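> Please read through the structure below; I'll follow up with questions.
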(Lines of atoms letter the chains of each structure in order from A and count residues from 1; the text may use other names and numbers.)
(Lines give C-alpha, C1' and ligand atoms only; values in the text may rest on other atoms or scores of the structure.)
Protein backbone atom coordinates (compact mmCIF):
# COMPACT_ATOMS: atom_id res chain seq x y z
CA UNK A 1 0.00 0.00 0.00
CA UNK A 2 1.20 3.49 -0.85
CA UNK A 3 -0.08 6.36 1.31
CA UNK A 4 -0.05 9.78 -0.35
CA UNK A 5 -1.16 13.06 1.20
CA UNK A 6 -2.58 15.60 -1.26
CA UNK A 7 -1.92 19.11 0.03
CA UNK A 8 -3.43 22.48 -0.80
CA UNK A 9 -0.95 24.50 -2.93
CA UNK A 10 -1.26 27.50 -0.58
CA UNK A 11 -0.93 26.90 3.12
CA UNK A 12 0.08 23.33 3.81
CA UNK A 13 -3.35 21.93 4.47
CA UNK A 14 -4.16 18.33 3.67
CA UNK A 15 -6.99 18.06 1.13
CA UNK A 16 -7.17 14.26 1.24
CA UNK A 17 -5.14 11.11 1.68
CA UNK A 18 -4.86 8.41 -0.99
CA UNK A 19 -4.26 4.79 -0.09
CA UNK A 20 -3.18 3.07 -3.32
CA UNK A 21 -3.21 -0.74 -3.37
CA UNK A 22 -2.49 -3.70 -5.61
CA UNK A 23 -3.78 -6.90 -4.06
CA UNK A 24 -2.61 -10.42 -4.91
CA UNK A 25 -3.38 -11.55 -8.46
CA UNK A 26 -5.90 -14.30 -9.20
CA UNK A 27 -3.61 -15.73 -11.90
CA UNK A 28 -2.70 -19.41 -11.52
CA UNK A 29 0.25 -20.53 -13.68
CA UNK A 30 -0.13 -23.70 -15.75
CA UNK A 31 0.86 -26.86 -13.92
CA UNK A 32 -0.08 -25.49 -10.48
CA UNK A 33 -2.98 -26.97 -8.48
CA UNK A 34 -5.76 -24.47 -9.21
CA UNK A 35 -7.78 -25.17 -6.06
CA UNK A 36 -4.81 -24.86 -3.71
CA UNK A 37 -3.40 -21.75 -5.41
CA UNK A 38 -6.82 -20.05 -5.56
CA UNK A 39 -7.34 -20.67 -1.83
CA UNK A 40 -3.84 -19.33 -1.07
CA UNK A 41 -4.39 -16.18 -3.18
CA UNK A 42 -7.85 -15.57 -1.65
CA UNK A 43 -6.35 -15.84 1.85
CA UNK A 44 -3.61 -13.37 0.93
CA UNK A 45 -6.12 -10.84 -0.50
CA UNK A 46 -8.27 -11.15 2.63
CA UNK A 47 -5.21 -10.50 4.83
CA UNK A 48 -4.29 -7.53 2.66
CA UNK A 49 -7.82 -6.14 3.09
CA UNK A 50 -7.61 -6.63 6.87
CA UNK A 51 -4.23 -4.90 7.03
CA UNK A 52 -5.32 -1.93 4.90
CA UNK A 53 -8.47 -1.56 7.04
CA UNK A 54 -6.33 -1.50 10.22
CA UNK A 55 -3.93 1.08 8.77
CA UNK A 56 -6.67 3.40 7.52
CA UNK A 57 -8.61 3.04 10.79
CA UNK A 58 -5.52 4.04 12.77
CA UNK A 59 -4.93 7.15 10.65
CA UNK A 60 -8.48 8.30 9.94
CA UNK A 61 -10.90 10.31 12.06
CA UNK A 62 -14.65 10.34 11.32
CA UNK A 63 -14.27 13.62 9.42
CA UNK A 64 -11.17 12.59 7.44
CA UNK A 65 -11.10 12.74 3.67
CA UNK A 66 -9.51 9.66 2.17
CA UNK A 67 -9.59 7.58 -0.98
CA UNK A 68 -8.75 3.88 -0.93
CA UNK A 69 -8.15 2.70 -4.48
CA UNK A 70 -6.33 0.26 -6.70
CA UNK A 71 -6.41 -3.10 -8.38
CA UNK A 72 -7.99 -5.24 -5.67
CA UNK A 73 -8.30 -8.34 -7.90
CA UNK A 74 -11.76 -9.10 -6.50
CA UNK A 75 -15.20 -7.56 -7.07
CA UNK A 76 -16.57 -5.22 -4.37
CA UNK A 77 -18.93 -7.89 -3.00
CA UNK A 78 -16.13 -10.45 -2.51
CA UNK A 79 -15.73 -11.98 0.93
CA UNK A 80 -11.98 -11.38 0.56
CA UNK A 81 -12.56 -7.61 0.52
CA UNK A 82 -15.26 -7.56 3.22
CA UNK A 83 -12.88 -6.68 6.10
CA UNK A 84 -12.09 -3.44 4.28
CA UNK A 85 -15.10 -2.39 2.25
CA UNK A 86 -17.72 -3.25 4.89
CA UNK A 87 -15.74 -2.12 7.96
CA UNK A 88 -18.32 -0.14 9.99
CA UNK A 89 -15.69 2.15 11.52
CA UNK A 90 -14.52 3.21 8.02
CA UNK A 91 -17.91 3.50 6.31
CA UNK A 92 -16.29 3.51 2.86
CA UNK A 93 -18.53 4.41 -0.10
CA UNK A 94 -18.04 2.79 -3.51
CA UNK A 95 -17.06 5.69 -5.77
CA UNK A 96 -17.77 3.60 -8.89
CA UNK A 97 -21.26 2.44 -7.97
CA UNK A 98 -22.84 4.90 -10.43
CA UNK A 99 -20.26 5.06 -13.18
CA UNK A 100 -20.40 6.20 -16.79
CA UNK A 101 -18.39 4.80 -19.70
CA UNK A 102 -16.30 7.15 -21.83
CA UNK A 103 -17.36 5.02 -24.81
CA UNK A 104 -19.33 1.80 -25.18
CA UNK A 105 -17.53 -1.49 -24.69
CA UNK A 106 -16.81 -3.55 -27.78
CA UNK A 107 -19.70 -5.86 -28.71
CA UNK A 108 -19.46 -9.18 -26.91
CA UNK A 109 -21.57 -12.28 -26.29
CA UNK A 110 -22.80 -12.15 -23.64
CA UNK A 111 -22.62 -8.38 -23.18
CA UNK A 112 -21.36 -6.92 -19.88
CA UNK A 113 -24.10 -6.94 -17.23
CA UNK A 114 -23.53 -3.25 -16.35
CA UNK A 115 -21.04 -0.44 -17.01
CA UNK A 116 -19.35 -1.10 -13.62
CA UNK A 117 -16.47 -3.32 -14.72
CA UNK A 118 -12.77 -2.78 -15.40
CA UNK A 119 -11.59 -6.29 -16.26
CA UNK A 120 -12.80 -8.72 -18.91
CA UNK A 121 -11.65 -12.33 -18.66
CA UNK A 122 -12.44 -14.88 -21.39
CA UNK A 123 -11.71 -18.50 -20.38
CA UNK A 124 -11.17 -20.83 -23.33
CA UNK A 125 -14.48 -22.22 -24.58
CA UNK A 126 -16.54 -20.21 -22.08
CA UNK A 127 -18.29 -16.83 -22.12
CA UNK A 128 -16.44 -13.68 -21.10
CA UNK A 129 -16.63 -12.60 -17.46
CA UNK A 130 -16.73 -8.96 -16.36
CA UNK A 131 -15.53 -7.75 -12.95
CA UNK A 132 -14.90 -4.47 -11.18
CA UNK A 133 -11.39 -5.28 -9.94
CA UNK A 134 -10.09 -1.70 -10.08
CA UNK A 135 -11.93 0.17 -7.37
CA UNK A 136 -12.23 3.58 -5.76
CA UNK A 137 -13.64 3.80 -2.24
CA UNK A 138 -14.29 7.16 -0.56
CA UNK A 139 -14.54 8.11 3.10
CA UNK A 140 -18.00 9.45 4.04
CA UNK A 141 -16.66 13.03 4.23
CA UNK A 142 -15.23 12.76 0.71
CA UNK A 143 -18.17 10.83 -0.78
CA UNK A 144 -20.32 13.93 -0.25
CA UNK A 145 -17.96 15.78 -2.59
CA UNK A 146 -18.09 13.31 -5.48
CA UNK A 147 -19.49 14.78 -8.71
CA UNK A 148 -18.91 11.92 -11.16
CA UNK A 149 -17.30 8.57 -11.96
CA UNK A 150 -16.00 7.12 -15.24
CA UNK A 151 -14.46 4.04 -16.74
CA UNK A 152 -12.54 4.48 -19.98
CA UNK A 153 -13.12 1.56 -22.34
CA UNK A 154 -10.11 0.18 -24.18
CA UNK A 155 -10.41 0.00 -27.95
CA UNK A 156 -9.45 -3.71 -28.01
CA UNK A 157 -10.16 -6.62 -25.68
CA UNK A 158 -6.44 -7.30 -25.45
CA UNK A 159 -3.19 -5.68 -26.52
CA UNK A 160 -3.99 -2.15 -25.31
CA UNK A 161 -1.17 -2.22 -22.76
CA UNK A 162 -3.32 -3.51 -19.89
CA UNK A 163 -5.99 -6.09 -19.16
CA UNK A 164 -7.87 -3.47 -17.12
CA UNK A 165 -9.83 -0.37 -18.12
CA UNK A 166 -8.86 2.81 -16.22
CA UNK A 167 -11.38 4.27 -13.77
CA UNK A 168 -11.57 7.63 -12.01
CA UNK A 169 -13.85 9.88 -9.98
CA UNK A 170 -14.25 13.65 -9.88
CA UNK A 171 -14.35 15.37 -6.50
CA UNK A 172 -15.29 18.93 -5.59
CA UNK A 173 -12.65 20.06 -3.10
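Residue numbers (our numbering): -11 to 161. Where a beta carbon is used, it is the ideal one built from N, C-alpha and C, also for glycine. All values derive from a computational prediction rather than experimental measurement.
(1) Using the Cβ count rule (16 or more neighbours within 10 Å means buried), how would you classify residue 3?
(2) Give the secondary structure of residue 24 by DSSP, where H, G and I count as helix, E and B as strand, and everything else as coil.
(3) Helix, strand or coil, according to DSSP, for residue 132 in the structure here?
(4) For residue 84, which three-state DSSP category applies?
(5) Would you list the one or two residues that DSSP bridges to residue 9?
(6) Would you mind working out which of 62, 87 and 161 sits nearest residue 34, comparing C-alpha positions?
(7) Going by the CB atoms, is the gap between residue 46 and residue 71 shorter than 8 Å?
(8) If I measure Cβ to Cβ from residue 152 and keep anything under 8 Å in the same chain, skipping five residues before and after, which residues do I get?
(9) Using only CA atoms, which one of 79, 30 and 84 lies nearest to residue 49?
So, from the listed chains and residues:
(1) Within the chain shown, the letter at position 15 stands for residue 3. Flag for residue 3 reads exposed.
(2) Residue numbering aside, residue 24 sits at position 36 when the chain shown is read from its first letter. It is helical.
(3) Taking the chain shown and counting its residues from 1, the one referred to as residue 132 is at position 144. Coil at residue 132, not helix or strand.
(4) Within the chain shown, numbered from 1, the residue matching residue 84 stands at position 96. In this structure, residue 84 counts as coil in the three-state DSSP scheme.
(5) As a working mapping, residue 9 is identified with position 21 in the chain shown. In the DSSP output, where bridge partners are listed per residue, residue 9 has 58.
(6) Here residue 34 is taken as the residue at index 46 of the chain shown, counted from 1. Out of 62, 87 and 161, 62 has the C-alpha closest to the C-alpha of residue 34.
(7) Counting from one through the chain shown, the residue named residue 71 turns up at place 83. Counting from one through the chain shown, the residue named residue 46 turns up at place 58. It is not a contact, given that the beta carbons lie outside the stated cut-off.
(8) As a first step, residue 152 is located in the chain shown; it is residue number 164 there, counting from the start. Around residue 152: 59, 106, 107, 121 and 122.
(9) The residue given as residue 49 occupies position 61 in the chain shown. Checking every option, the nearest Cα to that of residue 49 belongs to 79.
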